[in-house]
Amino acid sequence: MLFSLSCRVAEGFLSKEEATLSLPELAALAAGAGYGAICMRASQIGVHSPPETVAAARETLDASGLGVTMISGDFDIVHNNDRGPACLRDIEPHLDLAEALGAPLIRVALKSGADIAAAREAADRAAGRGLRLVHQCHLQSPFETIEGILDTLERIGRPENFGLIYEAANLEQCGQDHGRETVARLAPWIWNVYLQNQRLAADGAIGLVSRHAGPVRFDLLEIPETGGIDFPEIFAGLREIGYEGPVTVHQSAPADPSLTSAESAARTAAYLRGL
């Protein structure tokens, strides 16, 4: 498995457009903590970035010995809003960005079955350039539940280049199992794994609403903290299916003001290597 650090570590949980670190700072942080790659987000580099900025970013990452596992090319995708699926209908800028950064995966967004035809066409365009599209397990999308994920992927019908970002926290928010049995069911489509930690709590600091389970509240945890997502169980499931793809630390900047992003990333990397 390749450990990848998401640019989200330099974003607040609810502030996904403004980076708190420059890309050179983030690259130094990732390389210093032992990650092999960056998962790129629009807060650093996106389809809005000028070509010269993209080229400079590639040079920075190459010099740091870091690859790019995946891109999330615009803010609508990461916000998972109603404009998110627009990327499917104008996929070329995302393909261009992925090629420029050497990223094999492109995150996209669907909101309903009405987006399936566009997803199929976008996948075909990506296939023509040797790239693959992926969708995160995510609330307020057709990828909330296990059955919804399977149904949507089967309806898109592009098993070679439209797959899944496995993400246990969103599955938990939607009342779904997220352990090794679910990993096994979704195995053919898992091409990236997102890790973020939380503890469900009726009085949790953060509240979201899923289509399937309704309102949910939770508190964010650092990935090594206990009492939240069972990461040893997930890693056991990944080993059982022979998963060798990227594992991406998708945690936002630490909520604890005494903990820096660098300290959080390093602690998490050490914890993951122990799994």
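Residues in the sequence shown are numbered from 165 upward in steps of one, following the numbering used here. The beta carbon of each residue, even a glycine, is placed where N, CA and C say it ideally should be.
To which residues does DSSP link residue i through a beta bridge?
i, result
"R289", "Per DSSP, none; premise fails for R289."
"G327", "V298"
"F167", "V411"
"I370", "F382"
"A201", "S168, G231"
"R271", "V298"
For residue i, which residues of its own chain have a beta-carbon under 8 Å away from its beta-carbon, when the five flanking residues on both sides are left out?
i, result
"A348", "G401, E404, I405"
Can you tell me which of the options puts its alpha carbon nearest to the alpha carbon of residue i?
i, options, result
"E397", "L359, A417, I370", "L359"
"A377", "A429, A433, H302, R319", "H302"
"E386", "G198, Q362, G292", "Q362"
"C203", "G266, E427, G196", "G266"
Would you kindly report the start and end of the unbroken beta strand (DSSP E) that includes residue i?
i, result
"Y358", "354-359"
"S236", "231-236"
Taking the alpha helix (DSSP H) that residue i falls in, what are its first and last residues?
i, result
"L226", "The question names Leu, yet the displayed sequence has Asp at residue 226. Element bounds for D226: 215-227."
"I398", "395-404"
"E263", "256-265"
"T309", "Element bounds for T309: n/a, residue is neither H nor E."
"N334", "332-337"
Quick check: residue i and residue j, are their CB atoms within less than 8 Å of each other?
i, j, result
"A201", "S168", "yes"
"A264", "V218", "yes"
"A281", "E324", "no"
"I209", "A192", "no"
"L166", "P352", "no"
Ignore the nearest five residues each way along the sequence and tell me which others in residue i's own chain have a CB closer than 6 Å to its CB.
i, result
"L364", "F382"
"T316", "P306"
"L185", "A174"
"I313", "F307"
"T432", "I387, V413"
"P418", "S428"
"A198", "At residue 198 the sequence reads Gly, which differs from the Ala that was named. The answer, listed in chain order, is A433."
Please return the same chain residues whose Cβ sits closer than 7 Å to the Cβ of residue i, not counting the five positions on each side in sequence.
i, result
"G248", "D240, I241, A273, K275"
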